[in-house]
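Student:
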Ligand code: HEC
Ligand code: HEC
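Numbering (UniProt numbering), first residue to last: 1 to 277.
#1: Could you please give the first and the last residue of the uninterrupted alpha helix (DSSP H) stretch that includes residue 136?
#2: To test your reading of the DSSP string, which unbroken alpha helix (DSSP H) runs of 4 or more residues are found completely within the UniProt domain "Cytochrome c" (157 to 235)?
#3: Return helix, strand or coil for residue 275, following the three-state DSSP convention.
#4: Just checking: is the beta-carbon of residue 274 within a distance shorter than 8 Å of some beta-carbon in chain C?
#5: According to DSSP, is residue 105 helix, strand or coil?
#6: Return helix, strand or coil for residue 94, following the three-state DSSP convention.
#7: Classify residue 46: buried if its beta carbon has 16 or more other beta carbons within 10 angstroms, exposed otherwise.
#8: Classify residue 197: buried if its beta carbon has 16 or more other beta carbons within 10 angstroms, exposed otherwise.
#9: Where does residue 147 fall in DSSP's three states?
#10: Report the CB separation of residue 64 from residue 140 in whole angstroms; it is logged as a contact under 8 Å.
#11: Pick from 175, 160 and 231: whose alpha carbon is nearest that of residue 200?
#12: Could you tell me the alpha carbon to alpha carbon distance between residue 205 and residue 255, rounded to whole angstroms?
#13: Can you give me the Cβ contacts of residue 131 inside the same chain, cut-off strictly under 8 Å, excluding the 5 residues immediately before and after it?
#14: Please state whether DSSP places residue 86 in a helix, a strand or coil.
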């Protein structure tokens with residue numbers, strides 16, 4: 001090892017431009033010092049960036065953290081630890097947004113009980129608050145469409161415009177009266193009767209199963225309000241002036257009904273006449 005004095009002299013010599021006579025040992029030492037410096041620099045750079053990586057978890061809002069806990073209990077078996085999906089069990093939920101969660105969990109379709117072609121509507125397992133927390137978790141995880149705030153999403157909606165939009169975009173699957181109907185491969189478009197404003201909005205944003213996605217570019221938020229107004233006020237709350245609506249399936253059911261009722265009446269009349277004579 002060189003003494004302090006030697007080192008200082010070497011430094012002065014270099015500053016004055018005189019080539020310092022350096023031994024192999026000192027060159028090795030210099031290399032080691034440079035390596036150490038490089039390592040420390042890399043370490044410093046790592047610690048500077050590392051906190052932002054760790055912070056992802058802590059940056060999640062309280063609601064999302066609660067949602068994550070619920071998710072880990074009830075959804076993780078089919079959708080994976082970070083909602084990235086599980087092969088053959090459930091799709092990735094990254095980027096589906098809180099709208100899809102609100103629709104699926106709010107209508108009781110999720111958590112799915114068993115694998116089937118189409119998860120049916122059921123009474124929801126989670127409370128409204130829990131559904132919001134689950135949605136918030138998926139939202140903060142991967143972004144995606146969100147339903148606007150509020151329970152009444154059809155205030156000021158135009159019924160006539162909504163009816164027109166409904167007949168163009170929805171009636172081929174959900175029927176003109178919103179009663180629903182069968183689709184191919186054992187699937188079906190359900191009745192729209194039990195759906196809340198938020199669920200109708202969320203269905204349009206997320207397009208569950210065979211239903212197309214109606215993003216805000218295809219159907220603007222104002223048009224969505226018109227459609228919801230039409231479904232809720234015209235289809236779901238209108239009294240049927242004729243009594244029974246027969247599912248509002250149209251003329252074939254009505255024809256069948258009158259045929260059956262008529263035939264029964266005719267048969268009984270015939271029997272009555274035969275009995276009298
Ligand atoms: C038994 C497995 C299973 C469980 C448990 C389950 N899911 Fe699912 N999930 C599925 C399957 C399969 C689909 C796709 C089928 C469908 O869309 O009907 C799906 C679809 C979804 C979708 C729609 C994704 C999209 O593309 O829009 C959401 C959102 C969802 N699940 C959320 C949840 C949440 C939240 C939970 C927990 C509360 C949960 N799921 C529990 C199997 C499951
Ligand atoms: C191509 C067929 C198709 C079209 C078009 C369609 N839907 Fe659907 N819709 C479906 C299917 C299939 C489901 C059931 C999804 C499931 O069970 O996961 C559904 C479900 C729904 C639900 C949920 C009902 C419930 O159980 O609470 C609502 C609300 C809805 N659709 C509204 C609409 C509206 C509004 C439109 C028009 C803007 C529309 N749909 C257009 C096929 C369709």
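Glycine is no exception: its CB is placed at the ideal position from the N, C-alpha and C atoms.
Tutor: Taking the definition as stated:
#1: 128 to 142
#2: 159 to 169, 171 to 174, 197 to 206 and 221 to 229
#3: helix
#4: Absence of chain C from the displayed structure is noted, only one protein chain being present.
#5: Helix.
#6: coil
#7: exposed
#8: buried
#9: Coil at residue 147, not helix or strand.
#10: That belief holds up - the Cβ atoms of residue 64 and residue 140 are roughly 4 Å apart, short of 8 Å.
#11: 231
#12: 37 Å
#13: 101, 102, 105, 106 and 124
#14: strand
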